[in-house]
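Under the working numbering, the first residue of the sequence shown carries the number -5, and numbering increases by one thereafter. Even for Gly, the Cβ is constructed at its ideal location relative to N, Cα and C. Report on the structure given below.
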Amino acid sequence: MSPDQFGFRIRRLVLVDSAGFCYVEIPVDEHAVILGTGNLGKSSLLNSLRLFLLPEGNFRNSRKKFSFRNASAGSFYSNEESYQHYFPGQYSFLVMEAENPAGVHCQILYRDRSSDLSYGRMFVPAPYEDLRPLFWTAGGDEDGVGHAVSGLSVSKVAEAIKKLSRNVVVTSDPNKLKTMLYSSDLMSPDAVRYSVLPLADGDERKVQSLRTLILLLFEMKADDRAMADAVASIIEADKKFADDAFDFDIDQFLLRHEELKSQDERLTRIEKERPRFDKLNQSYLRHQTMANSQGEFAAFRDGLGVALAQSRESHQRANNARADIRETARHSERQVKGLEDQLKELNGEIRTHTRNLTKAEDDQRRGELMMARYAGMGHDDIRSILTEELEASESQLRALQNAAQAQVQKQRLNDQISAIDRRLKQLIDRQQRQKWQLHRQLDESVVAPLQALDSRLVLASPGQALDDRTTATIQAFAELFTPANEVFEWFDTEFNRLPLHQEDLEAQRQKCSDERRELQRRLEELVESDNEALDRPRKIADTEQEVTAAKQDLELLERLPAARINSQDADAGIRDCEKVKAETEGALALERARLEAVQEKLAQADAELRRATERENEFIQLNKTVGSLQHRIPVLAAATAPAALPPEALTLVALDDIARQLDELTELRQSILNHLRHFEREGTLEDREAQLQHDSPAAEVIRESFQRLAQVFSELTEQEQLLRGQITAHNETVASYRQALKANSEHIRRFESQLNGELEGVTINDLVEIRVDIHTDPKFRNLVEESEAIDPYSDRLQSDAFYDRLRVFVAEFFSDQSQGYRLTMDKVITGVSYRTRKQDSTGLDTKGQSTSTTALINLELVHRLLRRVLYPGVHLSFPMVLDELASVDVSQMPALLDRLKGQGFNLFSAATHSASPEVIYQVGRHLEVGQMRTSRPYDSRRTLVFWGGAEGFARNGTQSWLDQSQSSLWDSTREPEPAGENP
């Protein structure tokens, strides 16, 4: 068909990395047969047209949307199987080239990654020749088959087509797709630019009818059910108004009847319960008058909570204050104890110092008396004398005690006496020579340095006057000393100046004489003891006393210096202690006075703490009673009061009075609850969350429940009147449904009559008359007849018998109850059949025809149904899919092809190589889609390639169907064809 201003034509179909092909490009604007081995993907090529013609964007529920049938399994492909077949990867694209009054355009489908099972669409107003380089590279290989385009992607394609035109549209919106694909606004190029099937109007019923017919075009051998669905869809779309659609929701109709019946029974039941409600109302009014007792309880409870908190705070403050005072008292007690202990220590120190003073004074007195015996002698000299006396007494004692020691002692005493005698002689001699001492013969300047060196040098006496030579020598030696202030320097050594002490030789002679007498006494004592053995113990005892006395004298001598110091220290210590003691006694008196004051405060704090404890305990006991009441009467937990009671009003008497009122209120509350629960069980009162069934429902729940119940009884009369009106309206609905059943039954018959009128004069093969019979379910016809017998004009419900018959109809009519009980046209129309008459027959025959004849009849019917939904006057050039061409009788092919062409359809079929050559010859064009493979595919699993046009047979040697752009591929690979056939 040559395009004109009313022509709509599909020209080309392209699959890229899809349906088992790497790249396939086939023309669909003329009759053609796709040839190939079995299971190659020929049917997939034919069926891919559905994706372009239906306004969908995903493969969810693909059974209903596309009906891709798995012929080998006798079922339908799943959503995932269908999607992965046509869009297996990121390089998968499907392209349809179409032409309409606005010009040529391409529709591009691509895999959409935004969601599962989704695909997107691009529309571009350009011929496919401009787009082919985006999807396939022709040439560039040894065989000239071509190869995949490097970097193919959705974004790359979108960017390229937008450069071709500013009218590119990218969308997946079903509503927008319906508008674009089915637009019939021929006066607006923008509106009709991408239209492929212009609808008479955009009514949704027309769209659904077109969907049914499109699917039917791919199933021209469809069964009776598919044709019935198409007829039912067209009948609904043929109605003038959408509200006339046959959609009798029996489920809702029955449900509404049950609702009204339930309401009627409910109102009757409520009216019977009015006496019980009156009793409930009295109890509730009494409960309301006493409801303030809960408020009083809440005021008592809240006041008690505040008072208890305050008493605890007072108790804590009193306890803290007492603890502070107690700590101060303890500190004061520790201070008093410390001062008392300090006084005890001071008294002890004074006693110690006194004892030390007494002992030191005694030692000093005795020591000074002992030293008085040695007048003029130094401490060291006295020690030396005492030591000698001690040693002599000890030796004498040993001699008295031991004979051998006695002999030794005697010898020692004799030696000592002899030594003293010699000493006495020397002293006498020195007394006589004193006048010749050197300090008497030399000058002071010579004597002074010698005296500083050693006074014995100048006390020495030569016994005569010095001669000049000796005097000169001594003077020369003295001159070696250099006088300097109080010292004489002897080279690097200094000697202090010393006064001259003249020796008392006479005293020394007296001392030696005394010592000789003592030694003589001891010697005589030893001699006498040898002769007088009986007197020896006395002498030993006397000697021991001498030893002891000597030791005591030495000890007194040693203690004497310390005794003086100790005496001073002890006296000073006594004075210091007495001073500190006086200060401590004063501090102790002050601290004791402070302690007495703190103890008085502590006694007051103890009394305050006892009062706070008693008050707190009183409130605690009241709180336990309150808690017991609240546990016994749970509703009290939610009770509130505008103000809490003051502490002075919180007494046990007041609480007992409140408790008595609460007990009465509890009894009333339980009575009210029992009534309300009864009404809830009877269904009069609704308790959605079962709050009334709780052990202790909140007061708000009881109040709202009673109010709802009271409203039910107050509105009972009004509800009864309203129900009568609803029943009347429902009965009127019954009348409208009865009319709808009758009207749709008549509409089906009229539509059947119209179709048969249009088929007048239509001949197919040897059939000269064709009639269509639209079959309806007999149960539907019975329902229509029974509905005529009811009287819908009443304010009472229809008898149960009518609804029972309707339920029987539902049980018998709806085999799949999961789909609901909606009585629609597709359920009423059960099938479509044909009655035919041949040339030599007199009557119509219901016998079935051959597959090809049935297909032709179906095609005729579909053609007429399609014209009912398409825009009037448009011309189609549309591929009509007839899979498995081998099933068509060869003798019927010319008539089939001519009829298709006249109705605007191009036969588009598939067959294996075993198909009859005569059939292929009759079609005229064929496409060998399984011969070429590329070495550079998009995916190694899909390598089949076909492009360049169809092959065909030239009648009278004048016409070639091979596209010249691909003719070179066959020159080197095909043998010469028989005469009269061109590749």
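For A26, the uninterrupted beta strand (DSSP E) segment begins and ends at 26 to 29. Closest in alpha carbon position to F129, among G946, A944, G943, V939, is V939. By alpha-carbon distance to H99, the top candidate from T937, D883, L175 is L175.
By the Cβ test, the region 466 to 481 is in contact with the region 435 to 444, since at least three Cβ pairs between them sit closer than 8 Å.
Secondary structure note for Y828: its beta strand (DSSP E) is the uninterrupted segment 823 to 832. Inclusion of I102 and F87 in the CB contact set at 8 Å is warranted, their separation being smaller than that value. In this structure R463 is exposed. Its beta-carbon is surrounded by fewer than 16 other beta-carbon atoms within 10 angstroms. Proximity of the region 634 to 646 to the region 289 to 296 meets the contact definition, three or more beta-carbon pairs being nearer than 8 Å.
With 16 or more neighbouring CB atoms inside 10 Å of its own CB, T770 falls in the buried class. Contact between R829 and D839 is confirmed by a C-beta separation of about 7 Å, below the 8 Å threshold. Counting along the chain, H79 sits inside the alpha helix (DSSP H) bounded by residues 73 to 80.
Of F482, D356, R936, the smallest CA-CA separation from A13 is found for R936. With respect to the 8 Å criterion, E674 and L686 are classified as neighbours on the basis of their beta carbons. Put simply, the backbone Cα of G924 is about 26 Å away from that of P121. Straight-line measurement puts the Cα of F700 at about 47 Å from the Cα of H309. In its chain, beyond the 5 residues on either side, L48 have a beta carbon closer than 7 Å to the beta carbon of R205. Measuring C-alpha to C-alpha distances from L853 to each of D892, I823, V822 identifies D892 as the nearest. Annotated as distal: I742 and I851, with beta-carbon spacing of 8 Å or more.
Per DSSP, E19 is one residue of the beta strand (DSSP E) stretching across 15 to 21. Secondary structure of F60 (DSSP, three-state): coil. The Cβ neighbour count for I559, taken over all protein chains shown within 10 Å, is under 16; the residue is labelled exposed. Taking the CA atoms as reference points, V706 sits about 39 Å from D650. Taking the C-beta atoms as reference points, T836 is found no nearer than 8 Å to I758.
Per DSSP, reduced to three states, the secondary structure at H907 is coil, with no helix or strand assignment.
Contact between the region 496 to 516 and the region 341 to 355 is absent: fewer than three C-beta pairs spanning the two stretches fall below 8 Å. Between L39 and V18, the CB-CB gap stays under 8 Å.
Scanning its chain for C-beta atoms nearer than 8 Å, with the 5 sequence neighbours on each side dropped, one finds around V917 the residues H25, A26, V27, L879, M887, L891, L901, S903, in chain order. Residue burial annotation: V10 is buried, with at least 16 other C-beta atoms found within 10 angstroms of its C-beta. Collapsing the DSSP output to three states places H625 in a helix. Of the other Cβ atoms in all chains shown, 16 or more fall within 10 Å of the Cβ of M926; this residue is therefore buried. M365 carries a helical assignment under DSSP once its states are collapsed to helix, strand and coil.
A Cβ-Cβ separation of about 7 Å places R3 in contact with A92 under the 8 Å criterion. Rounded to whole angstroms, A633 and A315 show a C-alpha spacing of 38 Å. Nearest Cα to A556 within the set D600, E519, H724, R359: R359. In terms of Cα proximity to A692, the closest of L630, N490, Q84, R919 is L630.
By the beta-carbon neighbour count (other beta carbons within 10 angstroms, threshold 16), A292 is buried.
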